[in-house]
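Note that this note's numbering gives residue 18 to position 9 of the sequence shown, counting from 1, and the numbers run on in steps of one.
Here is the structure we will look at, set down as structure tokens.
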Amino acid sequence: MQKIKKHHFMIDKGVLEKICRYANLKKSETILEIGAGTGNLTEFLTDRCGFVYAIEKDRNFYNTLKEKFSYLENIEIINADVLRIDLPKFDKVVSNLPYGISRRITERLLRERFQLGILVYQREFAQKLLAKPGTRDYRYISALMQSCADVEILDGIPPEAFDPKPMVFSAIVRVKPRIVAEQHYIDFLHSLFNQRNKKIENLIKLRGELPENLQKRRAFELKPEELREIYSNLYFNLS
Numbered sequence: 010m011q012k013i014k015k016h017h018f019m020i021d022k023g024v025l026e027k028i029c030r031y032a033n034l035k036k037s038e039t040i041l042e043i044g045a046g047t048g049n050l051t052e053f054l055t056d057r058c059g060f061v062y063a064i065e066k067d068r069n070f071y072n073t074l075k076e077k078f079s080y081l082e083n084i085e086i087i088n089a090d091v092l093r094i095d096l097p098k099f100d101k102v103v104s105n106l107p108y109g110i111s112r113r114i115t116e117r118l119l120r121e122r123f124q125l126g127i128l129v130y131q132r133e134f135a136q137k138l139l140a141k142p143g144t145r146d147y148r149y150i151s152a153l154m155q156s157c158a159d160v161e162i163l164d165g166i167p168p169e170a171f172d173p174k175p176m177v178f179s180a181i182v183r184v185k186p187r188i189v190a191e192q193h194y195i196d197f198l199h200s201l202f203n204q205r206n207k208k209i210e211n212l213i214k215l216r217g218e219l220p221e222n223l224q225k226r227r228a229f230e231l232k233p234e235e236l237r238e239i240y241s242n243l244y245f246n247l248s
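This is the structure:
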């Protein structure tokens, strides 16, 4: 998967409008935006919801955002690395995510309580989130996402929607969390998928009863609910 290292700003107002429509924004809601950039999506969000927390790591973009939205009272612009701060309370997250750290941001978000995420990812990464067990694209992040949330690709976005144009296509993804990802579970999945071709029985010391058909299989062959079953066996059936 090609990493996008430059800043690519979404400029297509039709796509920005579509993202907000998918989010079904309400004036009573608080929205989190990660990677606000020059504020193109931010402007749409502030018009449609009660309050926006816009996080931007780059100091120059942060200053641009502060000036651009200085007249508004329903926004707080935070100059910080989203991976290094405690996130404020929010109802929904609506963001054109920095593609180079999509996995880490997704993992971070799944540790939070929120109602809905409408997130723009690189298309190949979005497809990994929905990958089926036993396929090459079924990774740690696939299992984590599908264990904790309902996920769906809603729409594609062509390179022409950005300036400058990236060399990849993008996708709008809806994430509806079911449970919060515990750090223990995240670490558990990491350890299994770091050795994805080894059988479960050779990776961990199981406690309690676990069907042999699970013990004899490899991490990438297991459905998210089967991984949760193994996790529960390991952490909650202690003697």
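C-beta atoms are modelled at their ideal positions from N, C-alpha and C, and glycine is treated no differently.
No experiment lies behind these values; they were computed from the predicted model shown.
**OP:** Indicate the three-state DSSP secondary structure (helix, strand or coil) for ILE114 in the structure shown.
**Re:** Locating residue 114 in the sequence shown gives position 105, counting from the first residue. When DSSP states are grouped into helix, strand and coil, ILE114 belongs to the helix group.
Original post:
The beta strand (DSSP E) spanning ASP9 covers which residue range?
Top reply: The structure shown has nothing for residue 9, since the chain only spans 10 to 248.
Original post:
Between the C-alpha atoms of PRO173 and VAL129, what's the straight-line distance to the nearest angstrom?
Top reply: On the sequence shown, residue 173 is found 164 positions in, with the first residue counted as 1. On the sequence shown, residue 129 is found 120 positions in, with the first residue counted as 1. Their Cα atoms are separated by approximately 16 Å.
Original post:
Can you tell me the Cα-Cα spacing of PRO23 and CYS58, whole angstroms?
Top reply: If you number the sequence shown from 1, residue 23 lands on position 14. If you number the sequence shown from 1, residue 58 lands on position 49. Contrary to the premise, residue 23 reads as Gly rather than Pro in this sequence. So the two alpha carbons sit approximately 18 Å from each other.
**OP:** Between the Cα of PHE178 and those of LEU231, VAL184, ILE162 and HIS193, spot the shortest distance and give me the residue it belongs to.
**Re:** The residue you call residue 178 lines up with position 169 of the sequence shown. Comparing Cα-Cα distances from PHE178 to each of LEU231, VAL184, ILE162 and HIS193, the minimum goes to ILE162.
Original post:
If you draw a straight line from the C-alpha of THR47 to the C-alpha of PHE18, how long is it?
Top reply: Within the sequence shown, numbered from 1, the residue matching residue 47 stands at position 38. Within the sequence shown, numbered from 1, the residue matching residue 18 stands at position 9. Distance between the alpha carbons of THR47 and PHE18 is about 8 Å.
**OP:** Let me know the secondary structure DSSP gives GLY126 once reduced to three states.
**Re:** Here residue 126 is taken as the residue at index 117 of the sequence shown, counted from 1. Note: GLY126 maps to strand in three-state DSSP.
Original post:
Of the residues PHE171, GLN224, ASP100 and ASN88, which one's Cα is nearest the Cα of GLU38?
Top reply: Within the sequence shown, residue 38 is the residue found at index 29, counting from 1. Per the Cα distances, ASP100.
Original post:
Who are the near neighbours of LYS207 in its chain, counting only those whose CB is closer than 7 Å to its CB and skipping five residues on each side?
Top reply: As a first step, residue 207 is located in the sequence shown; it is residue number 198 there, counting from the start. Within the same chain, LYS207 has close Cβ partners ARG227.
Subject >> Residues near LEU119 in its chain [Cβ-Cβ closer than 6 Å; skip 5 each side] >> reply: Here residue 119 refers to the residue found at position 110 of the sequence shown. Non-local C-beta neighbours of LEU119 in its own chain, meaning closer than 6 Å and more than five positions away in sequence, comprise CYS157 and ALA190, ordered along the chain.
Original post:
Distance, Cα to Cα, SER151 vs SER79?
Top reply: Working through the sequence shown from its first residue, we reach residue 151 at position 142. Working through the sequence shown from its first residue, we reach residue 79 at position 70. Answer to the nearest angstrom: the Cα atoms are 40 Å apart.
Subject >> Of the residues TYR194, ARG187 and PHE60, the one placed nearest LYS98, counting alpha carbons only >> reply: Position 89 of the sequence shown holds residue 98. Of the listed residues, the one whose Cα sits closest to LYS98 is PHE60.
**OP:** Quick one: measure Cβ to Cβ for ILE239 and ARG183, integer angstroms, because I've assumed they're closer than 8 Å.
**Re:** Residue mapping note: residue 239 aligns to position 230 of the sequence shown, counting from 1. Residue mapping note: residue 183 aligns to position 174 of the sequence shown, counting from 1. In fact, because the Cβ distance is near 28 Å, the residues do not count as touching under 8 Å.
Subject >> Length of the line joining the Cα atoms of ILE87 and GLN224 >> reply: Walking along the sequence shown from the start, residue 87 turns up at place 78. Walking along the sequence shown from the start, residue 224 turns up at place 215. If you draw a straight line from the Cα of ILE87 to the Cα of GLN224, it comes to about 46 Å.
Original post:
When the Cα of ALA45 is compared with those of ARG30, ASN33, LEU34 and ILE84, which residue comes out closest?
Top reply: Walking along the sequence shown from the start, residue 45 turns up at place 36. Residue ILE84 is the option with its Cα nearest to ALA45.
Subject >> Alpha-carbon to alpha-carbon, ARG122 and LYS185 >> reply: Translated into positions along the sequence shown, residue 185 becomes position 176. Translated into positions along the sequence shown, residue 122 becomes position 113. Their backbone Cα atoms lie some 10 Å apart in a straight line.
Original post:
Can you name the start and end residues of the beta strand (DSSP E) that TYR62 belongs to?
Top reply: For this step, residue 62 is matched to residue 53 along the sequence shown. That run of the beta strand (DSSP E) goes 60-65.
Original post:
For VAL103, which beta-bridge partners are listed by DSSP?
Top reply: Here residue 103 is taken as the residue at index 94 of the sequence shown, counted from 1. In the DSSP output, where bridge partners are listed per residue, VAL103 has ILE127.
Original post:
Per DSSP, what kind of secondary structure is PRO172 in: helix, strand or coil?
Top reply: Counted from its first residue, the sequence shown places residue 172 at position 163. The sequence shown places Asp at residue 172, not Pro. Correct three-state label for ASP172: strand.
Original post:
Where does LEU247 land, buried or exposed, given buried means 16+ other C-beta within 10 angstroms?
Top reply: Within the sequence shown, numbered from 1, the residue matching residue 247 stands at position 238. Caution is warranted here: a pLDDT of 42 is assigned to LEU247, below 50, making its placement in the model unreliable, and the coordinate value is therefore given only provisionally. Exposed, by the Cβ-count rule.
Original post:
Between the C-alpha atoms of ASN221 and GLU235, what's the straight-line distance to the nearest angstrom?
Top reply: As a working mapping, residue 221 is identified with position 212 in the sequence shown. As a working mapping, residue 235 is identified with position 226 in the sequence shown. A quick correction: the sequence has Glu, not Asn, at residue 221. The straight-line gap from Cα to Cα measures roughly 12 Å.
Subject >> DSSP three-state assignment for ARG30, whether helix, strand or coil >> reply: The residue labelled residue 30 in the question sits at position 21 within the sequence shown. Helix, per DSSP.
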